[in-house]
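**Q** One structure is given below, represented as structure tokens, and several questions about it will come after.
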Amino acid sequence: MDRPMALTIAGREFQSRLIVGTGKYKDVDETERAIDASGAEIVTVAIRRVDLHDRSSGSLMSLLGRKKSWTILPNTAGCFTADEAVRTLRLARELGIASFVKLEVIGDEDTLYPDNEQTLEAAKLLVKEGFTVLPYCIDDPIVCRKLEDAGCAAVMPLAAPIGSGLGIRNPHNLSIILERAKVPVIVDAGVGTASDAAIAMELGCDGVLMNTAIAHAKDPVTMAEAMREAVSAGRKAFVAGRMKTSRYANASSPTKGLIE
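Numbering (the numbering used here), first residue to last: 2 to 261.
What follows is the structure, given as structure tokens:
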């Protein structure tokens, strides 16, 4: 089984398997320092929450324009219908931001869980229009299969509610999704600390997307470094293959040849 260290999405190769957001930081300078520390190559931006026309010094759009090494992943945070999401991403493409996009259609304001039907409807339209679609979805193997069948370049099941920091709540479902998916599986939402990211990667996930876990840490830059290291370590552990578990002890040193 080929288990490369690089992440490939729709034919594009990325050395980092960590994807980060740009929201919730105290200012643009902290945003830049944290993202640089994370080593992330893919950076997601909430199109509906940013002034796309503000390219002045110190603005987020100015920062994104300067960072040529970042691949911008526009997202549809704040959209509650397929129509809203599709129109938002069409606007992003017209402005020359990207056609490599994160689709997010929310179905509930309290949990921020996705609306599966609206997400699937939007995904089909966007794929037909030539977008490379990475959809945020519930950790449901059936939904993930339908999104993959619709032509999505990856599936992005949540680990826990957005911004909750609760960590990996359902490793069983993620394992089933991973067994069946033929596209990258990227955990999106719910990661709270480095160990959560490592667990996702040890399960075999192809990547982890996060924002709040870094931006709301007491020291975002140091947390970004921790996340970078956790994602890398988790991937290496998965590639190495963990030992089998046992109910009983197994001596670390051989018993043959013991001095009587």
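For every residue, glycine included, the Cβ atom is placed at its ideal position computed from N, Cα and C. Here the structure is a predicted model, which is why all the values come from computation and not from measurement.
When DSSP labels each residue in this structure, what does Thr112 get in the three-state scheme?
**A** Residue numbering aside, residue 112 sits at position 111 when the sequence shown is read from its first letter. Reduced to three states, the DSSP call for Thr112 is coil.
**Q** Report yes if the CB atom of Leu41 is closer than 7 Å to the CB atom of Val21, and no otherwise.
**A** Taking the sequence shown and counting its residues from 1, one reaches residue 41 at position 40. Taking the sequence shown and counting its residues from 1, one reaches residue 21 at position 20. Before going on, a small fix: residue 41 reads as Ala here, not Leu. Yes, these two residues count as a Cβ contact at 7 Å.
**Q** Using 10 angstroms around the beta-carbon of Val240, count the other beta-carbons present and answer buried if the total reaches 16, otherwise exposed.
**A** In the sequence shown, residue 240 corresponds to position 239, counting from 1. With fewer than 16 Cβ atoms within 10 Å of its Cβ, Val240 is classed as exposed.
**Q** Can you check which of these residues, Asn251, Ile187, Ser176, Ala161, is closest to Ala154 by C-alpha distance?
**A** Within the sequence shown, numbered from 1, the residue matching residue 154 stands at position 153. Nearest C-alpha to Ala154: Ile187.
**Q** Going by the CB atoms, is the gap between Asp197 and Ile178 shorter than 7 Å?
**A** The residue you call residue 178 lines up with position 177 of the sequence shown. The residue you call residue 197 lines up with position 196 of the sequence shown. Not closer than 7 Å, so no.
**Q** Where does Arg236 land, buried or exposed, given buried means 16+ other C-beta within 10 angstroms?
**A** On the sequence shown, position 235 is the one that residue 236 refers to. It is buried - the Cβ of Arg236 has at least 16 other Cβ atoms within 10 Å.
**Q** Out of Ile98, Glu180, Ala83, point me to the one whose CA is closest to Leu127's CA.
**A** Here residue 127 refers to the residue found at position 126 when the sequence shown is read from its first residue. Leu127 has its Cα closest to that of Ala83, out of Ile98, Glu180, Ala83.
**Q** Quick one: what's got a C-beta closer than 7 Å to Lys262's C-beta in the same chain, skipping five residues either side?
**A** Given that the chain is displayed from residue 2 to residue 261, the structure contains no residue 262 and the question cannot be resolved.
**Q** Residues in its own chain within less than 6 Å of Ala11 by CB, not counting five upstream and five downstream?
**A** On the sequence shown, position 10 is the one that residue 11 refers to. Correct list, in chain order: Thr133, Ala154.
**Q** For Asn171, which residues from the same chain have a beta carbon less than 6 Å from its beta carbon, with the 5 sequence-adjacent residues on both sides left out?
**A** Taking the first residue of the sequence shown as position 1, residue 171 is located at position 170. Cβ within range, chain order: Asp140.
**Q** Using a 10 Å radius around the Cβ and a threshold of 16 neighbouring Cβ atoms, would you call Lys27 buried or exposed?
**A** To locate residue 27, count along the sequence shown from 1; it is residue 26. Result: exposed.
**Q** Please report the residue range of the alpha helix (DSSP H) in which Met62 lies.
**A** Here the question's residue 62 lines up with position 61 in the sequence shown. It spans 61-67 - the alpha helix (DSSP H) in which Met62 sits, taken as one unbroken run.
**Q** In terms of residue numbering, what span does the beta strand (DSSP E) encompassing Asn117 cover?
**A** The residue labelled residue 117 in the question sits at position 116 within the sequence shown. That residue, Asn117, is in no beta strand (DSSP E); its alpha helix (DSSP H) goes 117-129.
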